[in-house]
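A.B. asks: Below is the structure I would like to discuss, written out as C-alpha cells.
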Amino acid sequence: MADYLPLMREALEIAKLALATEDVPVGALVINPRGLIVGRGNNQREIFKDPTAHAEIVALRQAALEGDNWRLDDHTVIVTLEPCAMCAGAIAQSRIKTLVFGAWDEKAGAVGSVWDILRDPRTPHQVEVVAGILEEECAALLREFFKEKR
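When we follow the numbering used here, the leftmost residue of the sequence shown carries the number 355, and every step to the right adds one.
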C-alpha cells in the first residue's frame with residue numbers, strides 16, 4: 355500500500371484547489387498502466403454549476419480524452435473520498451481496474467459505506483478496491499472544510 359502514498363498526497367493537493375471555488379475539497383487522479391498520471395480532477399460543481407463535476411468524473415474525462423478512448427482498462431483511480439453512486443458507476447463503466455480511496459463517506463459512499471456498487475456481484479465489471487490510504491489526512495481536510503461552512 356505504500357506505493358499509493360505519494361499519489362494520495364498529490365490527490366490531496368489537487369483537492370485543496372476546490373477550496374478556491376468553495377467546493378468540497380475532493381481530489382482524484384487516474385493512473386495509466388505505465389504508472390503515468392493521465393487525469394487529474396477536483397470537485398468543480400460550484401464553478402461550473404454542474405452536479406456531475408465531481409473530482410472522479412473530471413479526472414476520468416481528462417484520462418479518456420488523453421487516451422482517446424472511454425475504456426480505461428488497467429487504469430487506477432486514486433481519490434481522497436470514497437466515491438458516491440454516480441462516481442462508482444462511472445468508474446465501473448470506464449472499466450477501471452483498481453480504485454484507491456482515502457476517507458470513508460458514511461453519508462453517500464458507494465464503495466462499502468452506504469452501498470457497494472463496485473463489488474456487487476451483479477455489477478458487470480468488477481473493480482479492485484483499496485481503502486483507507488491516508489485516511490486521517492483526507493478526512494481532516496473535509497472536516498475542516500465543513501467546520502468552516504457551519
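Yeah, the Cβ is synthetic: ideal placement off N, Cα and C, and Gly gets one too. Keep in mind it's a predicted model, so treat the numbers as computed, not measured.
#1: Between Gln416, Val433 and Gly466, which has its C-alpha nearest Ile487's C-alpha?
#2: Any idea if Glu490 is buried or exposed, counting beta-carbon neighbours within 10 angstroms, 16 or more meaning buried?
#3: Would you mind reading off the limits of the alpha helix (DSSP H) that contains Arg394?
#4: Put Glu400 into one of helix, strand or coil per three-state DSSP.
#5: Pick out the complete beta strand (DSSP E) segments inside the stretch 429-473, 3 residues or longer, and give them in chain order.
#6: Would the beta-carbon of Ala462 fall within 9 Å of that of Ala439?
#7: When the Cα atoms are used, what is the spatial distance from Arg363 to Pro475?
#8: Between which two residues does the alpha helix (DSSP H) harbouring Val378 extend?
#9: I'd like the span of the alpha helix (DSSP H) that includes Ala485, first residue to last.
#10: In this structure, does DSSP put Leu496 in helix, strand or coil?
#11: Can the beta-carbon of Val468 be found closer than 9 Å to that of Leu453?
#12: Pick helix, strand or coil for Met355, following the three-state DSSP scheme.
C.D. replies: Checking against the coordinates, here is how it stands:
#1: Position 133 of the sequence shown, counted from the start, is the residue given in the question as residue 487. Measuring C-alpha to C-alpha distances from Ile487 to each of Gln416, Val433 and Gly466 identifies Val433 as the nearest.
#2: In the sequence shown, residue 490 corresponds to position 136, counting from 1. Exposed.
#3: For this step, residue 394 is matched to residue 40 along the sequence shown. Not the alpha helix (DSSP H): Arg394 falls in the beta strand (DSSP E), residues Ile391 to Asn396.
#4: Position 46 of the sequence shown, counted from the start, is the residue given in the question as residue 400. Glu400: helix per DSSP, three-state reduction.
#5: Counting whole runs of 3 or more residues, the stretch 429-473 contains the beta strand (DSSP E) stretches 430-435 and 452-457.
#6: In the sequence shown, residue 462 corresponds to position 108, counting from 1. In the sequence shown, residue 439 corresponds to position 85, counting from 1. In contact: Ala462 and Ala439 (Cβ atoms closer than 9 Å).
#7: Within the sequence shown, residue 363 is the residue found at index 9, counting from 1. Within the sequence shown, residue 475 is the residue found at index 121, counting from 1. Approximately 32 Å between the Cα atoms of the pair.
#8: For this step, residue 378 is matched to residue 24 along the sequence shown. That residue, Val378, is in no alpha helix (DSSP H); it is neither H nor E in DSSP.
#9: The residue labelled residue 485 in the question sits at position 131 within the sequence shown. Taken as a continuous stretch (DSSP letters only), Ala485 belongs to no alpha helix (DSSP H), being part of the beta strand (DSSP E) at Glu482 to Ala485.
#10: Here residue 496 refers to the residue found at position 142 of the sequence shown. Note: Leu496 maps to helix in three-state DSSP.
#11: Sequence index remark: in the sequence shown, residue 468 carries index 114 (1-based). Sequence index remark: in the sequence shown, residue 453 carries index 99 (1-based). No, the Cβ-Cβ distance between Val468 and Leu453 is not below 9 Å.
#12: Residue mapping note: residue 355 aligns to position 1 of the sequence shown, counting from 1. Here the model assigns Met355 a pLDDT of 49, short of 50, so the residue's position is not dependable and the matter cannot be decided.
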